[in-house]
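Residue numbers (my numbering): 194 to 659.
Next comes the structure, spelled out in C-alpha cells:
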C-alpha cells in the first residue's frame, strides 16, 4: 500500500478538504456506526485484530469513495494529532444515537497536540502485530487522542460519527503499514563481541563465526539448508578481531582470526564436518580482522589491513598448500576487508576508504594481475562483507550511518553496481554473508543485544525474509 498523504501537508486545497469531509459525513450511517461498536474482536487496541479490523473498516469507505468518482482520496488521507484538525473535519454526523447521547455537532478540541510516540519510528522491537497492538505507550496515546479530541470521538459507540475519526485511523493504519513493511531480522543467539563471518558448510547449511566475550572464537551452524541453528560452541583461541572463514572444495571449514601477536591464526576441519586442527599462525602484522575466500587453484586467500592502512594478503597455491609471504595490494583502508571469488576464478577484494565509501580491486584473470582501486560508493560505518549471488555477480554488505545494514550488487559477472539499498536492522558490527547452494543470500550482523541476527532471501534474487 502507498503511504498516505497528510491532510495538512498542503497537497489538498481547502475545497478538497471540505469535499472529502462532506462525503465522509454522507457515508456515515447507523450500520457503519454499529459495525464499529459491535466489532468487539477488533475495535479496541490491545487486540491482535485491531489493525486489520480498522484497515478493513476504512477500506469500505475507500471503496465507496471510488464508487462516487473520488479516487483522488484513496488511499484515505491521514491526520496527525500533533497538528490542528481542519475546520470541516470537526463536524459530527448527527445520527439519532448521537442526539440521544447529548453529544454536540462538533468535536470539542481541534488542537490536541499529541505527537506520535518516538519509539514507533522503529518497528524492530515488535515481532508480531499482536506485540504492536499490545504496546502500552501506543495504547495510551491512541486513547488519549480520542479523549482529548472529545465529543463523539471520546465514545466508542459514537466515534465513527466524527469525520476526523476516519483520518485519525488512517494515521494509525500507516503505523500498521510501517510494521508490515519493516525489515524483520531473526536472532540466532549468542553473546558476541565482534563482526560475524559466514560461509557454507559441507551439508549445505551455513556456519557463522564470531569472537565471544572470553576472546575465544565461537561458532554456530546449520546441518542443512534452512536448518535450525545449533547452540554456539567455542573453538578456543585468543582473538583480537572478528574472524574470517572459508570452505575448501572438499567440504572442510577454515576459520581465521587475528591473535594477540597481531598475526593471523587459523584452524581447519581435518575432514568434512569433522574435528578441528590446533591453531596455527600464518604470520603477518595486521591491524584488522581477516577476510577469507577460495581462490582459482583451490587454495585459500586471506586479506587483512596492515599497519600502513593498506590491504595485505596471503594465499595458498592449492588445497592444504603452504602460505605465501604477505603482500600488499595498496589502498588506504579504514576497515577490515571483504572478499569473494567470481565463478571464473578471479578474486575480488573490498575495503572501506577514507571517504567512507566501499572500494574494490579485482584480478583481471584467474591468479593474474590486479586492477586499480575503484569506488562502488556508499557512506558506510563498517567494513564490508562480500559473496557471490545467484546471478553470478557479487553482493556487498556494510553497516551505514543509520546502523542499518545496506547492500549493493551486480546482476552478473563484471556487472555495474546497483545503488545501495537498506535491509534495515540495528547493527553494532560489520556484517557477514553467505550464499546457499540454491542461490539465496544470507546476511548476518551483531545486534544491540550482542546476539547475531540474520535475514535471508526467500528466493534467489528475490525478496528478503521478514
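Heads up, the beta-carbon is just placed ideally off N, CA and C, and yes, glycines get one too.
Going by other Cβ atoms of all chains shown within 10 Å of its Cβ, with 16 needed for buried, is residue i buried or exposed?
{"i": "residue 415", "result": "buried"}
{"i": "residue 392", "result": "buried"}
{"i": "residue 259", "result": "exposed"}
{"i": "residue 437", "result": "buried"}
{"i": "residue 292", "result": "exposed"}
{"i": "residue 388", "result": "buried"}
{"i": "residue 374", "result": "exposed"}
{"i": "residue 624", "result": "buried"}
{"i": "residue 511", "result": "exposed"}
{"i": "residue 404", "result": "buried"}
{"i": "residue 462", "result": "buried"}
{"i": "residue 410", "result": "buried"}
{"i": "residue 304", "result": "exposed"}
{"i": "residue 283", "result": "buried"}
{"i": "residue 330", "result": "exposed"}
{"i": "residue 582", "result": "buried"}
{"i": "residue 207", "result": "exposed"}
{"i": "residue 509", "result": "buried"}
{"i": "residue 447", "result": "buried"}
{"i": "residue 577", "result": "buried"}
{"i": "residue 451", "result": "buried"}
What are the start and end residues of the alpha helix (DSSP H) that includes residue i?
{"i": "residue 368", "result": "356–374"}
{"i": "residue 551", "result": "Counting along the chain, residue 551 falls outside any alpha helix (DSSP H), though it belongs to the beta strand (DSSP E) covering 551–555."}
{"i": "residue 212", "result": "207–220"}
{"i": "residue 243", "result": "243–260"}
{"i": "residue 325", "result": "322–326"}
{"i": "residue 226", "result": "223–231"}
{"i": "residue 340", "result": "329–342"}
If distances are taken between C-alpha atoms only, which option among the options comes closest to residue i?
{"i": "residue 564", "options": "474, 570, 553, 579", "result": "553"}
{"i": "residue 349", "options": "424, 232, 206", "result": "232"}
{"i": "residue 608", "options": "623, 479, 571, 535", "result": "535"}
{"i": "residue 734", "options": "501, 443, 445, 544", "result": "Because the chain in this structure spans residues 194 to 659, residue 734 falls outside the shown range and cannot be described."}
{"i": "residue 641", "options": "561, 339, 618", "result": "618"}
{"i": "residue 397", "options": "367, 444, 303", "result": "444"}
{"i": "residue 542", "options": "505, 249, 204", "result": "505"}
{"i": "residue 613", "options": "596, 571, 288, 583", "result": "571"}
{"i": "residue 628", "options": "395, 347, 365", "result": "395"}
{"i": "residue 604", "options": "589, 333, 594", "result": "589"}
{"i": "residue 310", "options": "282, 287, 273, 294", "result": "273"}
{"i": "residue 351", "options": "377, 448, 299, 417", "result": "299"}
{"i": "residue 210", "options": "255, 243, 281", "result": "281"}
{"i": "residue 600", "options": "550, 645, 315", "result": "550"}
{"i": "residue 529", "options": "457, 337, 248", "result": "457"}
{"i": "residue 574", "options": "561, 593, 431", "result": "593"}
{"i": "residue 579", "options": "382, 408, 637, 205", "result": "637"}
{"i": "residue 212", "options": "241, 356, 239, 480", "result": "356"}
{"i": "residue 525", "options": "540, 420, 499", "result": "499"}
{"i": "residue 418", "options": "655, 649, 657, 656", "result": "649"}
{"i": "residue 515", "options": "494, 532, 521", "result": "494"}
Between which two residues does the beta strand (DSSP E) harbouring residue i extend?
{"i": "residue 569", "result": "That residue, residue 569, is in no beta strand (DSSP E); it is neither H nor E in DSSP."}
{"i": "residue 296", "result": "No beta strand (DSSP E) holds residue 296; DSSP gives it neither H nor E."}
{"i": "residue 447", "result": "446–451"}
{"i": "residue 404", "result": "399–404"}
{"i": "residue 414", "result": "410–414"}
{"i": "residue 573", "result": "Premise fails: residue 573 is in no beta strand (DSSP E) and is neither H nor E."}
{"i": "residue 647", "result": "645–649"}
{"i": "residue 626", "result": "625–628"}
{"i": "residue 589", "result": "587–592"}
{"i": "residue 204", "result": "Premise fails: residue 204 is in no beta strand (DSSP E) and is neither H nor E."}
{"i": "residue 494", "result": "493–498"}
{"i": "residue 512", "result": "Counting along the chain, residue 512 falls outside any beta strand (DSSP E), and DSSP gives it neither H nor E."}
{"i": "residue 596", "result": "Where residue 596 is concerned, there is no enclosing beta strand (DSSP E), given that its DSSP letter is neither H nor E."}
{"i": "residue 638", "result": "634–639"}
{"i": "residue 506", "result": "504–508"}
{"i": "residue 531", "result": "531–534"}
Since residue i contacts residue j with CB under 8 angstroms, what's their CB separation in whole angstroms?
{"i": "residue 270", "j": "residue 199", "result": "7 angstroms"}
{"i": "residue 486", "j": "residue 439", "result": "5 angstroms"}
{"i": "residue 296", "j": "residue 344", "result": "6 angstroms"}
{"i": "residue 384", "j": "residue 406", "result": "6 angstroms"}
{"i": "residue 257", "j": "residue 322", "result": "About 26 angstroms separates the two Cβ atoms, so there is no contact after all."}
{"i": "residue 353", "j": "residue 226", "result": "5 angstroms"}
{"i": "residue 519", "j": "residue 492", "result": "Contact doesn't hold; Cβ gap of about 15 angstroms is too wide."}
{"i": "residue 365", "j": "residue 335", "result": "7 angstroms"}
{"i": "residue 244", "j": "residue 369", "result": "4 angstroms"}
{"i": "residue 616", "j": "residue 644", "result": "Not really, about 17 angstroms apart at Cβ, beyond 8 angstroms."}
{"i": "residue 652", "j": "residue 633", "result": "7 angstroms"}
{"i": "residue 482", "j": "residue 558", "result": "Residue 482 to residue 558, Cβ: 28 angstroms. No contact."}
{"i": "residue 497", "j": "residue 523", "result": "Going by Cβ atoms, the distance from residue 497 to residue 523 rounds to 14 angstroms, so no, they are not a contact pair."}
Any C-beta of chain C sitting closer than 8 angstroms to the C-beta of residue i?
{"i": "residue 465", "result": "No chain C appears in the structure shown, which is made up of a single protein chain."}
At 4 residues or longer, and completely inside the region 422–490: list those alpha helix (DSSP H) runs for me, N to C.
Entirely contained in the region 422–490, not one alpha helix (DSSP H) run reaches 4 residues.
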